[in-house]
Every structure is written in C-alpha cells, then in structure tokens.
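If you count the sequence shown from 1, position 40 lands on 40 in UniProt numbering, and the numbers rise without skipping.
Here a beta-carbon is modelled for each residue, glycine too, at the ideal position from N, C-alpha and C.
Note that the structure is a prediction, hence the values are computed from the model and not measured.
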Amino acid sequence: MSAEAGPATNGGADEHVRRVRLPADRRTPAAARALVRSVLAEANLDELLDEALLLTTELTTNAVEHARTELDIEVEADTGGLTVTVTDFAAGPVEDLVVGVRNVTADITEVAERGRGLLLVDHFASRWGTTYLPTGKGIWFRLDRHDVAPPARSVTAERPTTAVDPGGAGDGTPSAAAMSELMQTNPDPYADDPLPEFATGLLTRLAEMVGAAGGVVRLDRGDGQGSQLLARYGRHPREGNELLRVPLAVHRPYTGELELDAAPSAYAQPLAVLAAERLSLHLENDRLRRADVRRSTWLTFLAEASELLAQSLDVELTMALIPQLVVPRLGQWCAVHTTDEWGRLRLAASSHADESVLPHLHRVLRETGPDSIQARLREASRSAAQVPLSGPMEGFAVPLIARGQRLGTLAVGRHQGHRHDPDEVSVLEDVARRAALAIENARIHAERRRVAHTLQQSLLPPVLPVVEGIGFAAEYVPTGGDAEVGGDFYDVVPLPDGRWLVVIGDVSGKGVQAAAVTGLVRDVIRVLAGDGKPLPEVLVRLNETLVERGSGRYCTLALAAVGPGDGDQLDVSLHLAGHDRPVLLHGGGGAAFVGTGGTALGLLDSITTPTADFPLDPGDSLIFYTDGVTERRRGRELFGTERLRGSAAPLAGYSADVVAARLRATAIGFSVEAPRDDIAILVLRNDSL
Numbered sequence: 001m002s003a004e005a006g007p008a009t010n011g012g013a014d015e016h017v018r019r020v021r022l023p024a025d026r027r028t029p030a031a032a033r034a035l036v037r038s039v040l041a042e043a044n045l046d047e048l049l050d051e052a053l054l055l056t057t058e059l060t061t062n063a064v065e066h067a068r069t070e071l072d073i074e075v076e077a078d079t080g081g082l083t084v085t086v087t088d089f090a091a092g093p094v095e096d097l098v099v100g101v102r103n104v105t106a107d108i109t110e111v112a113e114r115g116r117g118l119l120l121v122d123h124f125a126s127r128w129g130t131t132y133l134p135t136g137k138g139i140w141f142r143l144d145r146h147d148v149a150p151p152a153r154s155v156t157a158e159r160p161t162t163a164v165d166p167g168g169a170g171d172g173t174p175s176a177a178a179m180s181e182l183m184q185t186n187p188d189p190y191a192d193d194p195l196p197e198f199a200t201g202l203l204t205r206l207a208e209m210v211g212a213a214g215g216v217v218r219l220d221r222g223d224g225q226g227s228q229l230l231a232r233y234g235r236h237p238r239e240g241n242e243l244l245r246v247p248l249a250v251h252r253p254y255t256g257e258l259e260l261d262a263a264p265s266a267y268a269q270p271l272a273v274l275a276a277e278r279l280s281l282h283l284e285n286d287r288l289r290r291a292d293v294r295r296s297t298w299l300t301f302l303a304e305a306s307e308l309l310a311q312s313l314d315v316e317l318t319m320a321l322i323p324q325l326v327v328p329r330l331g332q333w334c335a336v337h338t339t340d341e342w343g344r345l346r347l348a349a350s351s352h353a354d355e356s357v358l359p360h361l362h363r364v365l366r367e368t369g370p371d372s373i374q375a376r377l378r379e380a381s382r383s384a385a386q387v388p389l390s391g392p393m394e395g396f397a398v399p400l401i402a403r404g405q406r407l408g409t410l411a412v413g414r415h416q417g418h419r420h421d422p423d424e425v426s427v428l429e430d431v432a433r434r435a436a437l438a439i440e441n442a443r444i445h446a447e448r449r450r451v452a453h454t455l456q457q458s459l460l461p462p463v464l465p466v467v468e469g470i471g472f473a474a475e476y477v478p479t480g481g482d483a484e485v486g487g488d489f490y491d492v493v494p495l496p497d498g499r500w501l502v503v504i505g506d507v508s509g510k511g512v513q514a515a516a517v518t519g520l521v522r523d524v525i526r527v528l529a530g531d532g533k534p535l536p537e538v539l540v541r542l543n544e545t546l547v548e549r550g551s552g553r554y555c556t557l558a559l560a561a562v563g564p565g566d567g568d569q570l571d572v573s574l575h576l577a578g579h580d581r582p583v584l585l586h587g588g589g590g591a592a593f594v595g596t597g598g599t600a601l602g603l604l605d606s607i608t609t610p611t612a613d614f615p616l617d618p619g620d621s622l623i624f625y626t627d628g629v630t631e632r633r634r635g636r637e638l639f640g641t642e643r644l645r646g647s648a649a650p651l652a653g654y655s656a657d658v659v660a661a662r663l664r665a666t667a668i669g670f671s672v673e674a675p676r677d678d679i680a681i682l683v684l685r686n687d688s689l
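Given below as structure tokens:
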C-alpha cells in the first residue's frame, strides 16, 4: 500500500534497473552512490549526477542512522530521468513533510529535525513519495531531465517543476552541486588534528552559500580550558547584528555553537543546521576517539600505579607514595588519613600542586566542626561511600577499604576551573581501592616481619656471654628481608664442668616449621648438655628425637666444648654432624680447616660424629659458619670454603668482633644480589695474654 502516488517513469526498452540489498553500515551511502553513478553513466544522464548523489546520500544516511536495518536500493533510469527507491525494514512512520506547491513565505525552520533530509528531497526532486509495506517503508524520488517536462501530479504528492532549481536560479537558492559539496566534505583521515581545517572548510562553504559576512564555530571539550575557537570565516560576527546561532549536537562534556552573521533568507537556518549536524557527527567521533585514548591512558596509569604500590612493602612509604600518584594528575591536592585503633582519623601523608599552600592545607584538614573537612572525612569512613567536600578545598573523599577493613580515607581536591568528570572519579575510586590494598599488604608484611623478627630472636641468644680469657662474637644475616624465619642458629651454653659449649647449626628449610625444629634442637642441646651428658650422647639423643618426630627436616651441627688447658691454652673438643669444618685462624698467621665431617641429624637411625681435640693458643681463633656463607653466589660462581679460608687469613691477631664483622662484610660484598640463604658466623678466640 502506498501513502502517496508511486514513482512514475516514462517506461520503454531503454530502461536501466539495478536492485541491491545493503547492510546498515557507515559504508552503505558510498555503495549506494556508486550504484547510482553507474546507472546514470549507462543511461547517459550525467546531468542529473549532483542531485542524484546528494539525495541518495541523504536517504541512505537517514535510513542507516535511524532505521538501523538492512536497506533495499532500487535505481531505475530511462530516457526521461532517474527514479531511486530506498526501503528499510523498521517499523514507524516517516517524518511528516508537506509536499506539493511550496509556500515561499512558510517558516522553513519548523521542519522536524529528521525531516531536513526530506527537505532536500522536496527541494531538488521532480517528485517524491513514500511507500508502506508490511515489512517496512520506502522513500522514492524522481529526477527528470532538465529538457523533459514532468507529468502532472497531485498537489499532495508532487511539486511543480517550476520550483526546482538544480543549478541555482540566481535568487539565493543553493545549487545541487553546492549542496553536494557541502554535505560530502570530510576531514583529512591522515591529519593529526583534522577538525579545525574541516570545520573551517565547512563554515566557509556554508557562509558562501548563504551570503554570510562572517561566522565562527566555538567548541568546549569540557577539559577546563573553556570555549575555544574551532573555525572562523570572514569578519567576526557582530553582536549588534541579528546573528544566526545553531548549537552543535554533541554529547557531554562537549558543547559548542555555530554562529553566522548572515542576512535573513529562507535557506540560511536549515543549511546552518545541516552544516552543524555534519560537523557534530565528526565532533562526536572526535569525542569518542579522545575518550577511548583517555581511557587507555587511565588504564596505563592504573597499571603503573599498581606496580609502584606493589613494590613497596613499607607502610609509611606506601602512604607517602599515594598522594604523589594523585597530584597533579587527578587533583590539585591529596590527603591520606588512616584510622587508628580507637577509630580516629590521623593524617598520614599529603601533597599539593603548590607546596607553599601545604601549611594552609594542613590547617584546614585539622579544623573541627560540623562543616569541616574532618567531619566529611569521618562521614566517608563511617558510611564507606564517596562524600563531596565543599569550601575553599573543594573536592571529594573516598574511603580506603581493603578486605572488608576500613583503613581510612583518600581526600582529593579538584583543580581550579575543572571539575572531575565521571571517568576521573572512577579512576580515583580505583586508585583508592588499590591504595587501600597496598596499605593493607604493607601492614600484613610489617606484622609478618615483626613476628619473624621476634621468633628469630627467640632462637638466638640475646647476648653472648662475657668470659675471662675467651672472646665470643657472632654475625647473623637473615634472608627474605626479615620477613621469614631462617633455620640457621648459634648458641653458647655453660657446661656443668665449667667449660663452655659453642653450638652452630642449620635446619633445612625456612619458615615456621623450620623455626619449630630449630627451637627443638636448641632446647634439647641445652637440656642434655646442662645435665652433663657427653657430647656424642647429646648428638645421638638429638638424632633419635628428630627421626621420631618425622618432620622430614634434617639438621647439621658443629659443637665445640671449650675449657682451660695447659698454661694459657684452651682445650677444644670438636664434634661435627654433617656441618662444614670450622677454620682455625692462628694468631701468628695462617688459617686451616680442622675436624672431621660426620652424619647430619634426622636422616638416619644411626650416626657417626668423629671427635677432634686440639689446643687453642693465645691469639688463635676458631671460626664457625653456615652454608649461607660458602654458597653465596655471584652468577655461577660460589664464594666457597677456600675463599672463606683465604679471607680469614689476613685477620690473624684481630679480636673476635673484628673477625666476625670483616668476614660478614666480605661474604655480603661478594655479590650484588640479596642473600638467598641465612648467613651465620660465630667466632671463638683465646684472649689470654
């Protein structure tokens, strides 16, 4: 069923017909124009090219933008002219537009927004109409050759050809060629910023078509810079004149306006609106492109912020880092408040784009009262929701929440002349979540480090005993940044017979389980040695205990009973259970390994622990160590026992404290890498004069 008269053609054998279905795609208008161009070329109707391409573009673009369905394009040419029909498959009426004899005094600005395309059809087509089908609707137009008189038609369906001025009648009516050039102008796709040049070209063509003395296009991208001049033609529009203003149809935060200093004419307003809409389309593309780039930039920023926050496991350093990430990129100032054990907020870190304003910012943050920033921060912490901040330090506060725990608030002040847009607010909320998690992780790590340090200290003697004639010194370097308990330990225990028992050991593995075994070994040795058990029996009983425990962990030990000998000498009875041999450093120079290796404890039911007895002359030192020293790596190279002996030899004659400290520094300086294993060094020296 047709709502108006159907398209009339001259018919005949010389007809050229093309029908094609195109998708609802931005490339469809170009494909439709190519189809029309080929039919016109076949039919030798090049004189209708400008009008045909312009109207085809308008109908197909309108269908793609509003119907959003597939399109059927039918192009039919004959000796008298061209008929094009565009059919979509969407429900709903076509925008109403009165056709027929035009009343030149009518207000053309009253045409509905979507009817402007049909306005062009009504202006340039010899006749046009609509066809309604059960599956959709079609719009057709007919262009007659300029030397062929069109058939008569009814006033409701057709328009007299006397109103058609395809080439421009000289009365101010725009030509089809000018309209086509105006509507098919596109930005340079290869330019870095094509919009200013494109807007200038579009404004120039528009102004020339309507006879404007000047015009401008202003655009505010919502980036805090205010309205900027995007394009200008001729002289600047004069406020005293009756200016033509058309707002640009763009989404926030973009706003803009096209302004013309043009003489009143029937076509000035709709043509300005058409130009504004065409410019708005590309501005909207620019907004989406910039938004996409901005979101990509924010994602990169969040990734970098997460990496920086994750690298710090120190609570104070983490909180000091947060404002540096926010200012000035996301705000003029930033303050991090943490909640103490009584629920009160404490300023932990702050930053301002202008450092001279920091004292004033701190005063404002300390102020109390119902309208103070402190009150708003407490509200944000209590409600676990974003709270706006008013007054001279305008901004908003975001709660810091990690794993369900309320840690404090992140307050951010806005830049002058710029309010935070939704993307920035989302990024700040994301930064707050990541910052809270980083603070919580740093606190957990600090607690683990404190527990590990406490546990490690419980496995080591708080101080070494002071014994006349004997010097003791020890150095201990834990691995894992003090956050994990190691298996290395040392001890000096008094024996019932007046001698001293020097112990150094290494339990396999790390962590709480290794610490439990270390504590067990240390306590068993203290108990058995304190009961006066011989050292071989002590080692056997300790081995039985570890085997029965079945923890899968073993222990290496070096035990030395030291007591007075002949004259100023010290008698040493050395027992090794799978441990590296100690270094005997002679006071007069020279260093050598002493003792015989035995079986590690906790692996086998029976063990062998050979005994080595030797004197320690005045000035001699006995150096015990764990494998954290000898297995220290520099690439593929190990520090090794021979390098240890060579490093100890020049230290002959030095006190036990100096020997231990020098060997520790030598081992640590061997490699730039952090120690992979605990380092323990225990030095026993005969200090007799």
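- Listed in chain order, the non-local C-beta contacts of Leu585 below 8 Å within the same chain comprise Ala591, Asp620, Ser621, Leu622, Ile623, Ala648, Ala649, Leu651, Ala652 and Val659, local neighbours out to five positions each way being set aside.
- As computed with DSSP, Trp128 is found in a beta bridge with Phe141.
- Secondary structure of Ile470 (DSSP, three-state): strand.
- In this structure, Gly587 is the residue among Glu277, Ala384, His251 and Gly587 with its C-alpha nearest to the C-alpha of Asp617.
- Scanning its chain for C-beta atoms nearer than 8 Å, with the 5 sequence neighbours on each side dropped, one finds around Pro536 the residues His575, Thr609 and Thr611, in chain order.
- Rounded to whole angstroms, the gap between the alpha carbons of Tyr132 and Thr87 is 9 Å.
- Here Leu309 really is in contact with Ala435; their C-beta atoms are around 6 Å apart, less than 8 Å.
- When the five nearest sequence neighbours on each side are left out, the beta carbons in the same chain lying within less than 6 Å of the beta carbon of Gly563 are those of Arg499 and Asp571, in order along the chain.
- With fewer than 16 other Cβ atoms inside 10 Å of its own Cβ, Glu673 counts as exposed.
- In the pairwise beta carbon analysis, the region 356-364 is classified as not touching the region 337-346: fewer than three pairs are separated by under 8 Å.
- The beta carbons of Leu82 and Leu48 sit closer together than 7 Å.
- Separation of the CB atoms of Val431 and Val326 is rounded to 7 Å, and the pair is thereby assigned contact status at 8 Å.
- Just measuring C-alpha positions, the residue of Ala577, Leu120 and Arg526 sitting nearest Val507 is Ala577.
- Taking Leu313 as the centre and dropping the five residues before and after it, the same chain places the C-beta of Ala442 and His445 closer than 6 Å to its C-beta, in chain order.
- The C-beta separation of Val538 from Leu528 comes to about 5 Å, placing the pair in contact by the 8 Å criterion.
- Counting only the Cα atoms, Ala402 lies some 17 Å from Leu321.
- Taking C-beta atoms as the reference points, Ala77 and His16 count as a pair closer than 7 Å.
- Assignment of alpha helix (DSSP H) within the region 187-229, counting only whole runs of 4 or more residues, yields 195-210 in chain order.
- As summarised for the region 282-347, the continuous alpha helix (DSSP H) elements at least 4 residues long and confined to that stretch are 315-326, given in chain order.
- Rounded to the nearest angstrom, the gap between the Cα atoms of Ala560 and Phe614 is 11 Å.
- Assigned with DSSP and collapsed to three states, Ile607 falls in coil, not helix or strand.
- Beta-bridge partners assigned by DSSP to Ala680: Tyr476.
- A straight line joining the alpha-carbon of Arg278 with that of Asp188 spans about 15 Å.
- Looking from the CA of Arg27, the closest CA among Thr60, Gly505 and Ala43 belongs to Thr60.
- In the three-state scheme derived from DSSP, where H, G and I count as helix and E and B as strand, Val17 is classed as strand.
- For Thr87, the three-state secondary structure derived from DSSP is strand.
- Under DSSP, Tyr267 shares a beta bridge with no residue.
- Gly395 sits buried, since 16 or more C-beta atoms from the chains shown fall within 10 Å of its C-beta.
- Shortest Cα-Cα distance from Glu367 to any of Ala353, Gln456, Gly391 and Gln225 involves Gly391.
- Sequence-distant partners of Gly471 (beyond 5 residues in either direction) whose C-beta falls short of 7 Å from its own C-beta, in its chain, are Ser655, Ala656, Arg685 and Asp687.
- Counted as a single uninterrupted DSSP element, the alpha helix (DSSP H) harbouring Leu539 occupies residues Leu535 to Arg549.
- Collapsing the DSSP output to three states places Ala43 in coil.
- DSSP lists Trp500 as the beta-bridge partner residues of Pro494.
- The beta carbons of Phe198 and Gly136 sit no closer together than 7 Å.
- Residue environment analysis places His337 among the buried positions, since at least 16 neighbouring C-beta atoms fall within 10 angstroms of its C-beta.
- If you draw a straight line from the Cα of Leu203 to the Cα of Thr255, it is about 17 Å long.
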